[in-house]
Amino acid sequence: MRFPGWYTVPIVPKKTVPPSPSRLVRPLVQRIHAYVPGEQPKVKGLVKLNTNENPYPPSPKVLKAVRDAVDGRLRLYPDPSALAVRTALAALHGGSPDQIIVGNGSDELLALAVRAFAEPAGGFREIPLRSKEASGSMLQPIPESASRVQFPTPSYSLYPVLVETHGATPHPVPLRPDFGLPSVAELKKGGLWDFRAALTFITTPNAPSGRGYSTAELDALCQAQKGVTILDEAYVDFAGENALELALRHPHVLVSRTFSKAYSLCFQRVGYFVGHPDLIAALHRIRDSYNVNGLGQVAAATTLKDLPYYQRNFRRVIASRTRLTRELAGLGWKVLPSSTNFILAEPPTAPAKDWLEALRERKILVRWFRGQGIENFLRITIGTEEEVDTLLREVRRIRFHGADVNRG
Ligand SMILES: Cc1ncc(COP(=O)(O)O)c(C=O)c1O
């Protein structure tokens with residue numbers, strides 16, 4: 066029976082909108098600005114001076130060893146702890162294999178260090194009770210310094226990404242205006258630097274400034290730090306001195322090295338840390354079981370048997386760096402002194418970004434960084450002698466707004 070005023074409402078199934086998968090991602094990860102690597106375009110005839118790769122190939126012995134290793138053993142897992150590479154590195158640096166960990170590039174080890182030594186911010190941590198009356202542990206709010214990962218800025222722009230990913234607190238502290246490392250006294254006076262930070266990264270020589278720091282100033286800083294201090298020596302083979310001895314002398318200091326830059330092995334991803342066995346053991350505990358690929362281990366171990374080949378290449382890169390610095394300065398560029406395989410240089414007349422684009426049109430890739438206070442500069446990797454010739458030739462040809470900028 067129907068009553069007046071009644072009507073039938075057809076039952077339409079409610080449209081369900083499937084939840085966006087991005088809602089399943091942790092808010093912390095959603096907020097992260099990923100590290101932006103330099104481009105790797107596969108364009109023929111490109112002069113690629115944007116990612117600090119070595120312009121010279123690996124030694125013929127390394128290429129042969131890698132080729133010879135491509136056989137039935139690809140079916141097997143590689144050595145889980147890269148023992149042959151660690152043993153050769155220990156002999157080279159005068160330590161023991163338990164003072165070395167090898168990683169999938171030094172980037173992997175930098176990430177492991179953040180996870181091993183810095184607490185995520187804002188939580189609690191367990192403190193063992195050691196008194197006679199009580200045993201067990203208690204929960205303590207995490208002190209600020211325990212989650213602080215500190216680094217001078219500008220420096221390697223991956224550090225803050227690694228720290229944010231872990232939920233720890235990035236703590237950038239400005240370098241001097243000339244990109245020098247402030248002394249301990251200056252850092253104390255400035256009040257920003259945290260001598261108790263859980264972890265401190267010092268890129269030495271620095272990137273992207275190219276500036277080298279003396280072992281004496283690094284030693285003074287290391288001695289003042291209470292937390293783990295990592296000297297990231299990715300470019301040190303192009304510098305006049307290195308600070309490896311500090312990792313062997315101070316129990317809280319780790320030195321980070323890579324086969325990528327000086328040893329022409331970016332493709333294989335091999336880096337390593339040197340330091341106290343207790344810190345190294347902590348990193349081994351949390352790394353992937355087979356973190357270094359087999360061909361990378363073969364390449365790195367063979368590299369260490371052919372060091373004179375690479376030392377010749379360091380000298381060639383340094384000679385090209387000197388020439389490029391001199392010639393660009395003659396064309397009105399402000400070139401900062403470099404201890405690396407790149408220079409940071411401020412071009413004349415037009416903004417650096419315009420130079421970036423003008424060079425790109427001429428098939429020359431260099432790097433420009435937005436932010437970090439270095440927008441007026443270009444970072445230029447040192448190429449082969451021919452690539453440096455090409456760069457200089459094109460720089461001389463570039464005109465902005467019809468003006469001959471290279472005469473002023
Ligand atoms: C300062 C610094 N540290 C570490 C790395 C990472 O090197 P790897 O190729 O060993 O991961 C780079 C790479 O550009 C770098 O510039």
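Note that the numbering used here has the sequence shown beginning at 66, numbered continuously upward.
Heads up, the beta-carbon is just placed ideally off N, CA and C, and yes, glycines get one too.
Burial state of residue i (16 or more Cβ within 10 Å)
{"i": "glutamine 95", "result": "exposed"}
{"i": "phenylalanine 189", "result": "exposed"}
{"i": "proline 273", "result": "buried"}
{"i": "aspartate 243", "result": "exposed"}
{"i": "aspartate 469", "result": "Below a pLDDT of 50, predicted positions are generally treated as unreliable, and aspartate 469, at 48, falls in that range; the measurement from the model is reported next regardless. Classification for aspartate 469: exposed."}
{"i": "valine 108", "result": "exposed"}
{"i": "threonine 265", "result": "buried"}
{"i": "proline 225", "result": "buried"}
{"i": "arginine 88", "result": "exposed"}
{"i": "aspartate 133", "result": "exposed"}
{"i": "alanine 211", "result": "buried"}
{"i": "tyrosine 300", "result": "buried"}
{"i": "arginine 472", "result": "Residue placement at arginine 472 is flagged as unreliable, the pLDDT there being 39, under the threshold of 50; the coordinate-derived value follows with that caveat. Exposed: under 16 other Cβ atoms inside 10 Å."}
{"i": "threonine 269", "result": "buried"}
{"i": "glutamate 198", "result": "exposed"}
{"i": "isoleucine 429", "result": "buried"}
{"i": "isoleucine 192", "result": "exposed"}
{"i": "phenylalanine 303", "result": "buried"}
{"i": "isoleucine 351", "result": "exposed"}
{"i": "serine 329", "result": "buried"}
{"i": "isoleucine 76", "result": "exposed"}
{"i": "lysine 113", "result": "buried"}
{"i": "phenylalanine 338", "result": "buried"}
{"i": "valine 135", "result": "exposed"}
{"i": "tyrosine 142", "result": "exposed"}
{"i": "arginine 334", "result": "buried"}
{"i": "alanine 410", "result": "buried"}
{"i": "glutamate 251", "result": "exposed"}
{"i": "leucine 227", "result": "buried"}
{"i": "serine 171", "result": "buried"}
{"i": "glutamate 298", "result": "buried"}
Host beta strand (DSSP E) of residue i (start-end)
{"i": "glutamate 411", "result": "407-411"}
{"i": "proline 162", "result": "No beta strand (DSSP E) contains proline 162, which DSSP labels as neither H nor E."}
{"i": "arginine 276", "result": "Where arginine 276 is concerned, there is no enclosing beta strand (DSSP E), given that its DSSP letter is neither H nor E."}
{"i": "glutamate 191", "result": "189-193"}
{"i": "proline 217", "result": "213-218"}
{"i": "leucine 313", "result": "Per DSSP, leucine 313 belongs to no beta strand (DSSP E); it is in the alpha helix (DSSP H), 309-314."}
{"i": "leucine 319", "result": "318-323"}
{"i": "isoleucine 445", "result": "443-446"}
{"i": "valine 150", "result": "No beta strand (DSSP E) contains valine 150, which is instead part of the alpha helix (DSSP H) from 148-158."}
{"i": "glutamine 205", "result": "202-206"}
{"i": "glycine 336", "result": "336-339"}
{"i": "leucine 401", "result": "Here leucine 401 belongs to no beta strand (DSSP E), and DSSP marks it neither H nor E."}
{"i": "phenylalanine 266", "result": "264-268"}
{"i": "threonine 294", "result": "293-297"}
Enclosing alpha helix (DSSP H) for residue i [first to last residue]
{"i": "isoleucine 383", "result": "372-395"}
{"i": "serine 171", "result": "171-182"}
{"i": "isoleucine 345", "result": "342-351"}
{"i": "valine 460", "result": "450-462"}
{"i": "threonine 367", "result": "359-368"}
Any chance you could list the alpha helix (DSSP H) runs of at least 4 consecutive residues sitting entirely within the segment 220-258, in chain order?
As far as the segment 220-258 is concerned, its whole alpha helix (DSSP H) runs of at least 4 residues are 223-231, 249-255.
Mind listing which residues have their beta carbon within less than 6 Å of any non-hydrogen atom of ligand 1? Chain order is fine.
If you measure from each CB to the nearest heavy atom of ligand 1, the residues under 6 Å come out as Asn117, Gly170, Ser171, Asp172, Tyr221, Thr268, Ala272, Asp297, Ala299, Thr323, Ser325, Cys331, Gly336.
For the 8 Å Cβ check, are there 3 or more pairs between the segment 286-297 and the segment 317-330?
For the pair of segments examined, the segment 286-297 was found to touch the segment 317-330: the number of CB pairs separated by less than 8 Å reaches three.
Any contact of the segment 172-180 with the segment 342-355, i.e. 3+ C-beta pairs under 8 Å?
Short answer: they touch.
Contact between the segment 273-283 and the segment 394-410 is defined here as three or more beta-carbon pairs at a separation below 8 Å; is this criterion met?
yes
Which residue spans inside the segment 414-439 form an unbroken alpha helix (DSSP H) run of at least 4?
417-426
Fully enclosed by the segment 85-144, which alpha helix (DSSP H) runs are 4 residues long or longer?
92-96, 125-133
Validate contact between the segment 437-450 and the segment 379-390 using beta carbons, cut 8 Å, 3 pairs
A contact exists between the segment 437-450 and the segment 379-390.
Are the segment 95-105 and the segment 411-422 touching, with three or more C-beta to C-beta distances below 8 Å?
No contact exists between the segment 95-105 and the segment 411-422.
With contact counted as at least three CB pairs below 8 Å, one residue from each stretch, are the segment 353-369 and the segment 138-155 in contact?
yes
Contact the segment 363-378 vs the segment 424-438: 3+ CB pairs below 8 Å:
no
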